[in-house]
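For reference, the structure discussed in these notes is given below.
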Amino acid sequence: MLHAYGDWVRSLPESTTASIALIRLPNEEAFPAPLRGKTNVHLRYVHVGDETSGAALLAPLLQAAAPVINLVGMMPYAAISSVHQDPSDPMPGWDGSLLLQELPPAAIDALLGAAGPQVDVPLIIAELRHLGGAFARGPVDGIAVGGRDAAFNFGVIGPYPPHLRDVVDAAANAVLDALRPWAHGGTQINFEGFAAAPQEVRKAWAEPTLRRLRAVKSAWDPEQRFSFGYSLD
Numbered sequence: 112m113l114h115a116y117g118d119w120v121r122s123l124p125e126s127t128t129a130s131i132a133l134i135r136l137p138n139e140e141a142f143p144a145p146l147r148g149k150t151n152v153h154l155r156y157v158h159v160g161d162e163t164s165g166a167a168l169l170a171p172l173l174q175a176a177a178p179v180i181n182l183v184g185m186m187p188y189a190a191i192s193s194v195h196q197d198p199s200d201p202m203p204g205w206d207g208s209l210l211l212q213e214l215p216p217a218a219i220d221a222l223l224g225a226a227g228p229q230v231d232v233p234l235i236i237a238e239l240r241h242l243g244g245a246f247a248r249g250p251v252d253g254i255a256v257g258g259r260d261a262a263f264n265f266g267v268i269g270p271y272p273p274h275l276r277d278v279v280d281a282a283a284n285a286v287l288d289a290l291r292p293w294a295h296g297g298t299q300i301n302f303e304g305f306a307a308a309p310q311e312v313r314k315a316w317a318e319p320t321l322r323r324l325r326a327v328k329s330a331w332d333p334e335q336r337f338s339f340g341y342s343l344d
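Counting in our numbering, the final residue of the sequence shown is number 344, and the numbers go up one at a time with none missing.
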């Protein structure tokens with residue numbers, strides 16, 4: 112399914128986007144019976160257009176594997192946050208990410224080798240998000256959004272209660288390292304997660320943008336009252 116996604120997602124028009132994730136769900140009644148206690152593949156698909164054209168674009172990927180649960184259907188934009196099926200209740204979690212320059216078959220093999228169903232890792236999600244489209248068409252004056260020329264964002268999320276922190280740290284970073292040969296080099300600040308080291312945070316912006324942000328910060332917050340856990344120094 113992941114290899115099929117890597118080929119298929121490059122063919123999508125700008126009206127359509129998709130992400131895919133390996134998701135490990137605990138064996139608890141809160142989750143649907145076909146999914147609980149297993150490693151599942153979760154495809155997230157959004158098409159702006161009519162139902163017929165959306166179904167036609169999705170059809171080639173559905174030939175790769177039969178859906179266990181199929182929730183694809185027309186929805187209002189107001190319901191867009193439901194596509195990823197994220198939990199609504201807060202929980203302690205570790206998250207980190209890596210922008211990818213490309214997604215060749217070797218990168219997918221590396222992901223499966225580090226976080227596939229045969230590997231016992233204490234992680235919830237290992238996710239690939241397709242970028243591109245309008246997002247990639249160069250900087251917009253006044254908007255400091257870095258990493259816009261990356262092809263994919265790869266993210267990892269793990270549970271983070273105190274007794275699991277050491278093992279989750281090691282497992283999550285090992286999975287990120289497996290994809291590092293295809294890294295873009297930059298980052299997106301929205302997905303920085305636990306990477307609070309100044310040298311890592313600075314990768315989210317080109318140097319001219321970083322200088323402008325520092326000037327804004329100095330002018331409007333000289334006493335450093337708003338840090339949000341990140342440093343621009």
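Every residue gets a Cβ at the ideal spot worked out from N, C-alpha and C, and that includes glycine.
Stretch-stretch touch, CB-based, cutoff 8 Å, three pairs: the stretch 309-320 with the stretch 266-274:
no
contact_flag[the stretch 114-124, the stretch 139-147] where n(CB pairs < 8 Å) is 3 or more
no
Where DSSP assigns a beta bridge to His241, which residues make up the other side?
Phe263
Under 8 Å by Cβ, that's how I've got Leu214 and Ala262 pegged, so tell me the actual separation to the nearest angstrom.
6 Å
Secondary structure at Tyr156, three-state DSSP: helix, strand or coil?
strand
Starting from the Cα of Gln212, find the closest Cα among Pro333, Glu303 and Gly296 and give me that residue.
Gly296
CA-to-CA distance, Glu162 to Ala221, given in whole angstroms
35 Å
Using the Cα positions of Gly258 and Met186, report the straight-line distance between them to the nearest angstrom.
30 Å
Which residues DSSP lists as bridging Asp206, in chain order:
Ile268
The alpha helix (DSSP H) enclosing Ala285, as first and last residue numbers:
Arg276 to Leu290
Compute the beta-carbon to beta-carbon distance between Pro135 and Ile235, rounded to the nearest angstrom, for a pair I have assumed lies under 8 Å.
It should be pointed out that residue 135 corresponds to Arg in this sequence rather than to Pro. Yes, they are in contact, since the Cβ atoms of Arg135 and Ile235 sit about 6 Å apart, within 8 Å.
Please report how far the alpha carbon of Arg323 lies from the alpha carbon of Pro333, in whole angstroms.
15 Å
Which residues share a DSSP beta bridge with Asn301?
According to DSSP, Asn301 bridges with nothing at all.
Skipping 5 residues on each side, what residues in its chain have a beta carbon closer than 6 Å to that of Ile131?
Tyr116, Leu154 and Leu239
Please determine, among Ala226, Glu318 and Trp205, the residue with the shortest C-alpha to C-alpha distance to Asp277.
Trp205
Count the other CB atoms within 10 Å of the CB of Glu303; is the residue buried (16 or more) or exposed (fewer)?
buried
Own chain partners of Val279 with C-beta closer than 8 Å, once the 5 adjacent residues on each side are dropped:
Trp205, Pro233, Leu234, Gly269, Pro270 and Tyr271
DSSP has Ser130 in a bridge; who is on the other side?
Arg155 and Arg240
Is the beta carbon of Gly207 less than 8 Å from the beta carbon of Ala283?
yes
Would you mind stating whether Val183 and Tyr156 have Cβ atoms separated by less than 8 Å?
yes
Extent of the continuous alpha helix (DSSP H) run through Pro319
Glu318 to Trp331
DSSP state of Ala218 mapped onto helix, strand, coil
helix
Could you tell me which of Asp200, Asn181 and Pro203 sits nearest to Val194, measuring between CA atoms?
Asn181
Taking C-alpha atoms, which residue in Gln229, Pro292 and Thr128 lies nearest to Pro216?
Pro292
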